[in-house]
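Inspection log for the structure reproduced underneath, given as structure tokens.
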Amino acid sequence: MAESWSQSLARSLICRALSRISHGQLRLKLSYLGNDEPDIVLGLPFADGSDHAVAVIIENAHAWVRMFQSMDLGFAEAYMMQEVQCHDLLGLFCLHILNLDTLGHSTDITFFQLLPLAARYLDPGNIPAKSKLNVAFHYDESNEIFSNFLSKDMNYSSAIWSGKVDESLESAQLRKVHRIISRAKISSSHHVLEIGCGWGHLAIEAAKQTGCRVTGVTLSEEQKQFAEKRILAAGLQDKIDIVLCDYREAPKIEGGYDQVISIEMLEHVGSNFINRFFEEISTLLNPETGIMVASGTTTNQKLKVLARKSSPNMETFMRRYFFPGGYLHSSHDLLMAIHDGSDGALEVETVENIGPHYVRTLQCWREKFQRTWPETKAIFVKAKPNATETEIEAYRRRWVYYFTYCEAGFCTRTLGNYIISAVRPFSPKN
Numbered sequence: 003m004a005e006s007w008s009q010s011l012a013r014s015l016i017c018r019a020l021s022r023i024s025h026g027q028l029r030l031k032l033s034y035l036g037n038d039e040p041d042i043v044l045g046l047p048f049a050d051g052s053d054h055a056v057a058v059i060i061e062n063a064h065a066w067v068r069m070f071q072s073m074d075l076g077f078a079e080a081y082m083m084q085e086v087q088c089h090d091l092l093g094l095f096c097l098h099i100l101n102l103d104t105l106g107h108s109t110d111i112t113f114f115q116l117l118p119l120a121a122r123y124l125d126p127g128n129i130p131a132k133s134k135l136n137v138a139f140h141y142d143e144s145n146e147i148f149s150n151f152l153s154k155d156m157n158y159s160s161a162i163w164s165g166k167v168d169e170s171l172e173s174a175q176l177r178k179v180h181r182i183i184s185r186a187k188i189s190s191s192h193h194v195l196e197i198g199c200g201w202g203h204l205a206i207e208a209a210k211q212t213g214c215r216v217t218g219v220t221l222s223e224e225q226k227q228f229a230e231k232r233i234l235a236a237g238l239q240d241k242i243d244i245v246l247c248d249y250r251e252a253p254k255i256e257g258g259y260d261q262v263i264s265i266e267m268l269e270h271v272g273s274n275f276i277n278r279f280f281e282e283i284s285t286l287l288n289p290e291t292g293i294m295v296a297s298g299t300t301t302n303q304k305l306k307v308l309a310r311k312s313s314p315n316m317e318t319f320m321r322r323y324f325f326p327g328g329y330l331h332s333s334h335d336l337l338m339a340i341h342d343g344s345d346g347a348l349e350v351e352t353v354e355n356i357g358p359h360y361v362r363t364l365q366c367w368r369e370k371f372q373r374t375w376p377e378t379k380a381i382f383v384k385a386k387p388n389a390t391e392t393e394i395e396a397y398r399r400r401w402v403y404y405f406t407y408c409e410a411g412f413c414t415r416t417l418g419n420y421i422i423s424a425v426r427p428f429s430p431k432n
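Be aware that the sequence shown starts at 3, since it is given in this note's numbering, and climbs by one per residue.
As structure tokens, this is what we get:
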């Protein structure tokens with residue numbers, strides 16, 4: 003099948019940009035032009051003469067146009083629609099990360115990616131009403147979808163592994179939950195607020211382990227219903243309340259909460275609102291003895307600088323298909339925001355990066371998702387009975403792409419995941 007002039011132009015400009023690869027090699031096979039078409043090899047040859055190039059097969063010339071319009075989102079959608087094939091997605095993503103210094107500054111196609119930016123400037127940001135829509139977009143997927151790749155505890159955050167090869171994900175997740183409970187220094191008389199309580203595992207574990215009271219807030223109706231069933235089954239309905247609201251509308255109690263805990267909710271707080279987030283936490287906490295424990299995925303500070311210099315197109319795979327209002331802060335930004343947002347009323351006590359543990363966590367999720375795909379497919383088809391086979395396969399590929407995309411970030415230390423605890427200064431009780 004011959005290329006159209008627009009497809010040919012897009013291919014030419016994209017290959018020119020990719021010719022800047024200086025670490026590793028990329029091999030492009032244009033299968034739509036037939037077997038006689040020579041592969042396009044981009045990057046430098048390996049010193050030992052071996053061929054370890056990451057191979058990408060272009061099945062449909064329309065993929066070039068997709069990538070031309072939006073490189074990140076375009077390639078993802080081409081993969082989902084089976085217009086491109088790659089049997090080493092992790093290697094491909096790592097190759098891109100290793101070449102960010104050169105590929106990130108590409109200007110050949112930047113102009114054509116400016117159009118979606120206009121919509122970004124009209125975005126109202128992370129206001130409460132929009133936050134609910136953003137969270138519902140992902141977390142109000144069927145609970146069964148999540149249970150088909152998460153461990154039984156339904157923790158949708160990084161585990162902490164012991165290093166034992168045969169350790170289960172459930173055991174590693176419980177270790178993470180206990181780590182956070184320990185950092186929060188919870189006792190039986192305490193009342194804990196959990197912002198972004200998910201499916202309720204930490205709230206249940208904290209109440210069982212310490213005898214404390216817990217109020218959890220979530221923006222997902224699916225999560226609230228699921229968590230309340232688990233709480234009832236555990237006989238803890240007199241200890242735990244789940245409230246459907248934004249953190250800015252969290253119920254206030256006399257004297258303030260003894261602890262505020264938030265696990266991987268920071269990614270849903272935009273850059274313009276992160277100071278406000280910690281201001282709210284400081285306000286909700288006991289003014290003398292309150293303790294905060296927050297964890298979240300972060301991005302490398304250098305990557306943030308590169309992102310500003312490269313294509314300004316903000317419509318990415320992650321924003322389109324998983325976290326519409328998502329934003330990754332750097333660890334530096336978070337530490338500054340805790341101080342500035344609380345006006346110095348919260349003093350950072352501990353900082354721990356568990357990012358490397360996310361690699362194995364994501365691998366477990368992907369493996370279980372693929373293993374339980376027949377069940378997930380049945381749920382998807384029931385919800386969308388008119389879906390074509392192409393759309394069903396696109397849904398499967400979307401999740402596989404997502405798990406691998408994130409894994410590459412943690413593999414290369416481009417992403418981190420920090421558990422940060424903070425206490426009231428000048429308080430001998432802390």
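Built from N, CA and C at the ideal position, the CB exists for glycine as well.
Treat the numbers as computed from the prediction; the structure is a model and nothing was measured.
- Query: What is the DSSP secondary structure of residue 20, reduced to helix, strand or coil?
  - Reply: helix
- Item | Of the listed residues 401, 3, 406, nearest to residue 382 (C-alpha basis) | 401
- Query: When the Cα of residue 391 is compared with those of 177, 84, 270, 352, which residue comes out closest?
  - Reply: 84
- Item | Cβ pair residue 229, residue 201 closer than 7 Å | yes
- Item | Best match in 296, 303, 241, 415 for proximity to residue 193 [C-alpha to C-alpha] | 241
- Would you say residue 244 and residue 226 are within 7 Å of each other, going by their C-beta atoms? yes
- Item | residue 82 in three-state terms, based on DSSP | helix
- Verify whether the separation of the beta carbon atoms of residue 419 and residue 164 is less than 7 Å. no
- Task: Jot down the residue ranges of each uninterrupted beta strand (DSSP E) in the region 347 to 420, minimum 3 residues, whole runs only, in chain order.
- Result: 349 to 355
- Query: Alpha carbon to alpha carbon, how far is residue 371 from residue 81?
  - Reply: 18 Å
- Item | Member of 411, 406, 378, 232 whose CA lies at the smallest distance from the CA of residue 395 | 378
- Task: Within the same chain, show all residues whose beta-carbon is closer than 7 Å to that of residue 359, passing over the 5 residues directly before and after it, in chain order.
- Result: 160, 161, 162, 163
- Just tell me which of 297, 397, 388, 91 has its CA closest to the CA of residue 356. 297
- Query: In terms of DSSP beta bridges, what is residue 259 paired with?
  - Reply: 287
- Item | Buried versus exposed, by CB contacts within 10 Å (16 or more), residue 346 | exposed
- Query: Given 8 Å as the limit, is there contact between the region 271 to 286 and the region 210 to 222, that is, 3 or more CB pairs closer than that?
  - Reply: no
- 6 Å Cβ shell around residue 77 - same chain, five flanking residues per side excluded: 69
- How many Å lie between residue 384 and residue 167 at the Cα? 37 Å
- Using 8 Å as the threshold, is the region 271 to 281 in touch with the region 405 to 418, meaning 3 or more CB pairs across them? no
- Query: Quick one: what does DSSP say residue 243 is sitting in, helix, strand or coil?
  - Reply: strand
- Is residue 212 near residue 190, with beta carbons less than 7 Å apart? yes
- Item | Outcome for residue 98 when other beta-carbon atoms lying within 10 angstroms are tallied against a minimum of 16 | buried
- Task: Could you check the C-alpha separation between residue 273 and residue 338 for me, to the nearest Å?
- Result: 12 Å
- Message: Taking the alpha-carbon of residue 299 as reference, which of 334, 323, 47 has the nearest alpha-carbon?
- Response: 334
- Query: What whole-angstrom Cβ distance do residue 293 and residue 182 have, given they're in contact under 8 Å?
  - Reply: Not a contact, Cβ separation roughly 11 Å.
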